[in-house]
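J.: Residue numbers (my numbering), protein chains in the order written: chain A, 1 to 397; chain B, 1 to 397.
Just so you know, even glycine gets a beta-carbon here, dropped at the ideal spot from N, CA and C.
Would you mind keeping the following structure in view while I ask a few things?
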C-alpha cells in the first residue's frame with residue numbers, strides 16, 4: 001500500500017457524471033473513493049474498497065466534484081456597485097462603464113492587483129470552486145494585458161486553485177486606439193504572439209457595439225494558429241451569429257447566449273462547442289434569459305459559470321450559479337450541477353483532467369454542509385463547503 | 001460625558017430611511033453616530049458630533065440599519081432538499097411536504113430543536129439580520145405549537161438576536177384532526193389563549209387548499225381579542241381575497257402576494273397594512289412574481305423577507321433577499337434596502353424601535369464589506385457584514 005493513499009468513505013450522496021451518451025448513474029450511496037498521488041485511483045462501494053491506512057469518513061455529507069467556474073474576469077481595481085444601483089433604478093449612468101475599470105486597473109500596482117485577484121480566487125475556492133477560468137481584458141494595451149495574465153497566474157499559485165488563463169484583449173477597443181481597426185491590429189500583431197505564451201485560450205467580446213464577426217474571426221484564427229483554444233462572448237446584446245462563428249472555428253465555448261434563437265440552439269447541439277450560461281448577470285441585467293432548457297433538450301453541451309466581473313455581477317459563488325441555473329433558468333438541479341462540473345470541464349477542455357469523480361482524474365472533491373443537491377436550489381449561495389480537496393490535498397480552512 | 005458612550009464615524013455611505021411621506025434623504029457621507037445606553041443618541045455630520053471618549057472609525061464601509069427579516073419559519077427538524085430537486089425536475093413528489101417536517105419536528109427533542117433553531121438564527125445574525133420574525137407552525141397540536149414558541153425564545157436569547165414570535169398553528173390542518181373545522185376550533189379554543197402569552201402575532205396560511213377566508217377571520221378575530229397582532233399568508237397559490245381581509249382586520253402585514261391583482265394593490269395602498277414580499281421562494285417555485293413595482297408605485301408599504309422554511313426556501317440571507325428584490329422583483333436597490341429595514345420594521349410594528357438610523361431607536365447597525373448598496377444587487381448573498389452592533393453592543397465574530 002503506497003504511503004499517502006487515503007480512502008474517503010461516506011453514507012451520503014456522491015455525485016458523479018458520465019461522458020456524453022453514457023448512461024447517467026444515480027448518485028453513489030454509500031460510497032468509497034481512493035486518492036493516490038493527487039488523483040482519484042478508484043471509486044465504488046465501500047464493500048469493494050481497497051484496504052488502506054488512512055480512512056476519512058464524511059458521514060452523510062453531499063459530495064461532488066470540485067466546482068468549475070468556466071468564465072470569470074477577476075483581475076481589476078475599483079468598485080462599480082454604484083452603476084448597478086443606478087442601472088436598476090433606470091437612471092442612465094455616465095460613469096464610463098468598462099473604461100472606468102480600465103483606468104482604475106491600470107493605475108493599480110502589481111502588488112495591489114495581486115492582492116485583489118488573490119482575494120477573489122480565495123473567495124471562489126472557499127465556495128467550492130477548484131478550477132477557475134480567468135480572463136484578462138481590463139488592460140486594453142499590450143503591456144497591461146500581459147501584466148494581467150502574469151498576475152492571474154501568481155494569484156492562482158498563491159491561493160492554490162487550478163487556473164485556466166484566457167487572453168481577452170478584445171474586451172473593448174483600447175482608449176488609445178485611433179480606430180477599432182487599429183486596435184484589432186494591435187491585438188493580432190502586438191498582443192497575441194506574447195499572450196499565447198501565457199494563456200490557454202483567446203476570447204473576444206463579439207456583440208453589437210463591441211467587436212463584429214469579421215474582426216472576431218481575424219483575432220480568433222490568429223489565436224488558433226498560435227496554439228490557443230478559442231472562446232467567444234456571444235449573443236448577449238444582440239443575435240449576431242457569434243455562435244455559428246464559434247462552432248465553425250471549433251471554439252471550446254460560446255458564452256452568454258441570452259438572445260440565442262432556435263437555429264443557434266440547433267447549431268450548438270450538432271457541435272462539440274459548449275454553451276456556457278451565466279445566470280448571475282442575466283438576473284442582474286434584467287434582460288432576456290438564455291434558452292437553457294432548449295439547449296439541454298436539444299442535446300447541446302451546457303456549462304454554468306459566474307461571469308464574476310467588475311460591472312454586472314460580482315459573486316464568485318458557483319453554488320449560487322447552480323441555484324440560479326436550476327431555478328431562474330429552469331434547468332433543474334441535476335443538470336445545473338452537471339453543468340457546473342462536467343460541462344464546465346468540457347468548456348475548458350479539461351474533461352480528461354477534472355469535472356467528475358472517476359479513476360484517473362484529479363482528486364478535486366468537495367464535501368458540502370448539505371445532504372442533498374436540492375440544497376443548491378433551496379439555499380443557493382448559502383450552501384458552503386465543509387471540506388475541500390484540491391488534487392488530493394485538503395485545503396486548509 | 002456618560003461612560004459607555006461610543007461615537008461611530010465614517011467617510012462612506014450611511015443609509016437612513018425617513019417615515020412615510022417625509023423627504024427621502026440621500027445617504028449621509030461623511031457621517032457620525034452616537035451610541036448611548038443601547039440607543040442611537042444622535043446622527044449627523046462629523047463636524048457637529050459631540051465629543052466622546054471612544055471613537056470607532058468605520059472608514060469607507062457602507063453602513064445600514066441592522067436588517068429585519070419579517071417572515072421566517074426557523075424551528076423544524078429534517079431535510080427536504082430532495083423535494084426541491086424533484087419539484088424542479090417536474091417530478092411529482094410524494095414525500096408528504098409539510099407533514100414530513102411536522103413528523104420530524106415532533107420527533108426531535110427540545111435540545112435538538114434548540115440547537116437547530118439557534119444555528120439558523122446565528123446564520124441570520126451573521127448575514128446582517130438583527131431582528132427576525134419567527135413562526136411556529138410545524139407542530140400543529142397544542143403542546144407542540146407552544147413548545148415551538150418557547151424554544152424560539154430560548155434560541156433567540158442564546159444567539160442575541162431581537163426576535164418577534166408569531167403563532168402559526170393554522171399552517172396546515174393537524175394530522176390528528178377529524179376535519180378542518182375541528183382543527184380550527186382547536187386553534188381558537190385550545191391554542192390561542194396560551195399562545196397569546198408567548199407570541200406577539202398570529203398568522204394564518206390563508207390560501208387555496210389551506211385555510212379559507214371564513215376560518216381565517218375566525219382565528220384572527222379571536223387572536224386580536226387576545227391582544228395579538230395579525231399577519232396573513234396571502235395570494236400565493238390563488239387570488240383569494242386574503243389581502244382585503246387582512247386590511248379590514250387591521251393586519252400588520254399580508255405576505256407572499258404572488259397572485260395579487262390591481263384591486264389588491266389599491267387596497268394595500270390605501271391601508272397601513274404592509275405588503276411583505278418573499279422573492280426567495282418565488283424564485284425557487286418558478287411561479288408568478290409578486291407585483292413589487294406596482295405596489296411601490298401605488299404608495300403601498302412594502303417589506304422584503306426571506307421566508308426561510310423547511311420546504312421551499314432555505315436561506316436566511318437578507319442580503320440575498322435584497323438582491324433578489326432589487327433584480328428579480330424589479331424594485332431597484334434603494335427600495336429593496338428600505339423594504340428590508342424600515343418597511344420590515346413597519347411589518348412587525350417595530351418602527352418606533354428599529355429599522356432606521358435616527359435618534360431614539362435601537363443602535364442596531366451593520367457595517368458591510370462593501371462601499372455602495374449596489375453591491376447587494378451585484379453580489380447578493382456574498383455581501384457580508386464586517387461589523388454588527390445589536391442594541392449598541394458589537395456582536396462577536
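1) Reducing DSSP to helix, strand and coil, say where residue 17 (chain B) ends up.
2) I'd like the list of long-range same chain contacts for residue 385 (chain A), defined as Cβ closer than 8 Å, with 5 residues on each side in sequence excluded.
3) Are any of the Cβ atoms in chain B nearer than 9 Å to that of residue 144 (chain A)?
4) Taking its Cβ as the centre, do 16 or more other Cβ atoms sit within 10 Å of residue 110 (chain B), making it buried, or is it exposed?
5) Taking only beta-carbon atoms, is residue 73 (chain A) less than 9 Å away from chain B?
6) Just to confirm, is the Cβ distance from residue 380 (chain B) to residue 381 (chain A) under 9 Å?
7) Please classify residue 396 (chain B) as buried or exposed, where buried requires at least 16 neighbouring CB atoms within 10 angstroms.
8) Taking its Cβ as the centre, do 16 or more other Cβ atoms sit within 10 Å of residue 1 (chain B), making it buried, or is it exposed?
9) In or out: residue 334 (chain A) buried (at least 16 other Cβ within 10 Å) or exposed?
10) For chain B, find out if any of its Cβ atoms is closer than 9 Å to the Cβ of residue 11 (chain A); answer yes or no.
11) Since residue 256 (chain A) sits in a beta bridge, which residues does DSSP pair it with?
12) Could you check what DSSP says for residue 54 (chain B) in three-state terms: helix, strand or coil?
13) State buried or exposed for residue 250 (chain B), treating a residue as buried only when at least 16 other CB atoms are found within 10 Å of its CB.
14) With DSSP run on the structure shown, which of helix, strand or coil describes residue 390 (chain A)?
15) With a threshold of 9 Å between beta-carbons, can residue 256 (chain A) be considered close to chain B, or not?
16) Between which two residues does the beta strand (DSSP E) holding residue 33 (chain B) run?
17) Going by the beta-carbon positions, is the gap between residue 4 (chain B) and residue 364 (chain B) smaller than 9 Å?
18) What residues from chain B crowd round residue 327 (chain A), counting only those whose CB sits closer than 8 Å?
19) Using the C-alpha atoms, what's the distance from residue 115 (chain B) back to residue 50 (chain A)?
20) Relative to the C-alpha of residue 258 (chain B), which candidate in B:81, B:295 and B:54 has its C-alpha closest?
21) Report the CB separation of residue 304 (chain B) from residue 340 (chain B) in whole angstroms; it is logged as a contact under 8 Å.
22) In chain order, what residues of the region 369-387 of chain B put their CB closer than 7 Å to some CB of chain A?
23) Helix, strand or coil for residue 41 (chain B), going by three-state DSSP, please let me know.
24) Along chain A, which residues have their Cβ under 8 Å away from the Cβ of residue 333 (chain B)?
25) CB residue 346 (chain B) to CB residue 360 (chain B), shorter than 9 Å?
26) Would you call the region 142-153 of chain A in contact with the region 198-206 of chain A, where contact means no fewer than 3 C-beta pairs closer than 8 Å?
27) Mind checking the region 305-327 of chain A against chain B and listing, in chain order, the residues whose C-beta falls within less than 7 Å of any C-beta there?
28) Does the beta carbon of residue 218 (chain B) come closer than 9 Å to any beta carbon on chain A?
29) Give the residues of chain A in contact with residue 212 (chain B), contact being defined as C-beta atoms less than 8 Å apart.
30) What does DSSP give as the partner residue(s) for residue 7 (chain B) in the beta ladder?
31) On the DSSP bridge assignment, give the partners of residue 134 (chain B) in chain order.
32) Which value, in whole angstroms, describes the spacing of the CA atoms of residue 235 (chain A) and residue 300 (chain A)?
33) Going by DSSP, what residue range makes up the beta strand (DSSP E) through residue 65 (chain A)?
34) Counting only Cβ pairs nearer than 9 Å, list the residues of chain B close to residue 330 (chain A).
35) Find the residues of chain A that neighbour residue 29 (chain B), judging by a C-beta separation of less than 7 Å, and give them in chain order.
T.: On the basis of the data shown:
1) Counting from one through the second chain, the residue named residue 17 (chain B) turns up at place 17. Coil, per DSSP.
2) To locate residue 385 (chain A), count along the first chain from 1; it is residue 385. Scanning its chain for C-beta atoms nearer than 8 Å, with the 5 sequence neighbours on each side dropped, one finds around residue 385 (chain A) the residues 126, 127, 128, 366, 367, 368 and 369, in chain order.
3) Indexing the first chain from 1 puts residue 144 (chain A) at position 144. Not one chain B Cβ lies under 9 Å of residue 144 (chain A).
4) Taking the first residue of the second chain as 1, we reach residue 110 (chain B) at position 110. By the neighbour-count rule (16 or more Cβ atoms within 10 Å), residue 110 (chain B) is not buried but exposed.
5) Your numbering for residue 73 (chain A) matches position 73 in the first chain. So, not an interface residue.
6) In the second chain, residue 380 (chain B) corresponds to position 380, counting from 1. In the first chain, residue 381 (chain A) corresponds to position 381, counting from 1. Yes, they are a contact pair.
7) Here residue 396 (chain B) refers to the residue found at position 396 of the second chain. So residue 396 (chain B) counts as exposed.
8) Stepping through the second chain from its first residue, residue 1 (chain B) is reached at position 1. Confidence at residue 1 (chain B) is low in this model, with a pLDDT of 46, below 50, so the placement of that residue is unreliable and no value is reported for it.
9) As a working mapping, residue 334 (chain A) is identified with position 334 in the first chain. Looking at its Cβ environment, which holds 16 or more other Cβ atoms inside 10 Å, residue 334 (chain A) is buried.
10) Taking the first chain and counting its residues from 1, the one referred to as residue 11 (chain A) is at position 11. No, residue 11 (chain A) lies away from the interface with chain B (no Cβ there is under 9 Å from its Cβ).
11) For the purposes of this step, residue 256 (chain A) is taken as residue 256 along the first chain, with counting starting at 1. According to DSSP, which records beta bridges pairwise, residue 256 (chain A) is partnered with A:234.
12) Looking up residue 54 (chain B) in the second chain gives position 54. Three-state result, residue 54 (chain B): strand.
13) In the second chain, the residue the question calls residue 250 (chain B) occupies position 250. Residue 250 (chain B) is exposed by the Cβ-count criterion.
14) Sequence index remark: in the first chain, residue 390 (chain A) carries index 390 (1-based). In this structure, residue 390 (chain A) counts as strand in the three-state DSSP scheme.
15) By one-based count along the first chain, residue 256 (chain A) stands at place 256. Chain B, which has no Cβ nearer than 9 Å to the Cβ of residue 256 (chain A), makes this no.
16) Counting from one through the second chain, the residue named residue 33 (chain B) turns up at place 33. Residues 31-36.
17) The residue you call residue 4 (chain B) lines up with position 4 of the second chain. The residue you call residue 364 (chain B) lines up with position 364 of the second chain. Their beta carbons are not under 9 Å apart, which means residue 4 (chain B) does not touch residue 364 (chain B) by this criterion.
18) One-based indexing of the first chain puts residue 327 (chain A) at position 327. Within 8 Å Cβ-Cβ: 88, 283, 284 and 286.
19) The count along the first chain starts at 1 and reaches residue 50 (chain A) at position 50. The count along the second chain starts at 1 and reaches residue 115 (chain B) at position 115. Cα to Cα, residue 50 (chain A) sits roughly 38 Å from residue 115 (chain B).
20) Position 258 of the second chain, counted from the start, is the residue given in the question as residue 258 (chain B). That would be B:295, whose Cα lies nearest to the Cα of residue 258 (chain B).
21) Locating residue 304 (chain B) in the second chain gives position 304, counting from the first residue. Locating residue 340 (chain B) in the second chain gives position 340, counting from the first residue. Correct: roughly 5 Å between the Cβ atoms.
22) Residues of the region 369-387 of chain B whose Cβ lies closer than 7 Å to any Cβ of chain A, in chain order: 370, 371, 372, 373, 374, 375, 377, 378, 379, 380, 381 and 382.
23) Position 41 of the second chain, counted from the first residue, corresponds to residue 41 (chain B). Three-state DSSP puts residue 41 (chain B) in a strand.
24) Within the second chain, the letter at position 333 stands for residue 333 (chain B). Simply 84, 85, 88 and 89.
25) Taking the first residue of the second chain as position 1, residue 346 (chain B) is located at position 346. Taking the first residue of the second chain as position 1, residue 360 (chain B) is located at position 360. Their beta carbons are not under 9 Å apart, which means residue 346 (chain B) does not touch residue 360 (chain B) by this criterion.
26) These segments touch.
27) Within the region 305-327 of chain A, the qualifying residues are 313, 314, 315, 317, 320, 326 and 327.
28) For the purposes of this step, residue 218 (chain B) is taken as the residue at position 218 of the second chain. No, its Cβ sits nowhere closer than 9 Å to a Cβ of chain A.
29) Counting from one through the second chain, the residue named residue 212 (chain B) turns up at place 212. In chain order: nothing, as chain A lies at least about 29 Å away.
30) On the second chain, position 7 is the one that residue 7 (chain B) refers to. Residue 7 (chain B) is bridged to B:34 and B:55.
31) Within the second chain, residue 134 (chain B) is the residue found at index 134, counting from 1. BP columns for residue 134 (chain B) point to B:165.
32) On the first chain, position 235 is the one that residue 235 (chain A) refers to. On the first chain, position 300 is the one that residue 300 (chain A) refers to. Taking the straight line joining both Cα atoms gives about 16 Å.
33) Position 65 of the first chain holds residue 65 (chain A). 63-65 is the span of the beta strand (DSSP E), which, as asked, contains residue 65 (chain A).
34) Locating residue 330 (chain A) in the first chain gives position 330, where the first residue counts as 1. The contacting residues are 88 and 286.
35) Translated into positions along the second chain, residue 29 (chain B) becomes position 29. Going along chain A, no residue has its Cβ under 7 Å from residue 29 (chain B), so there is no contact; the nearest lies around 12 Å.
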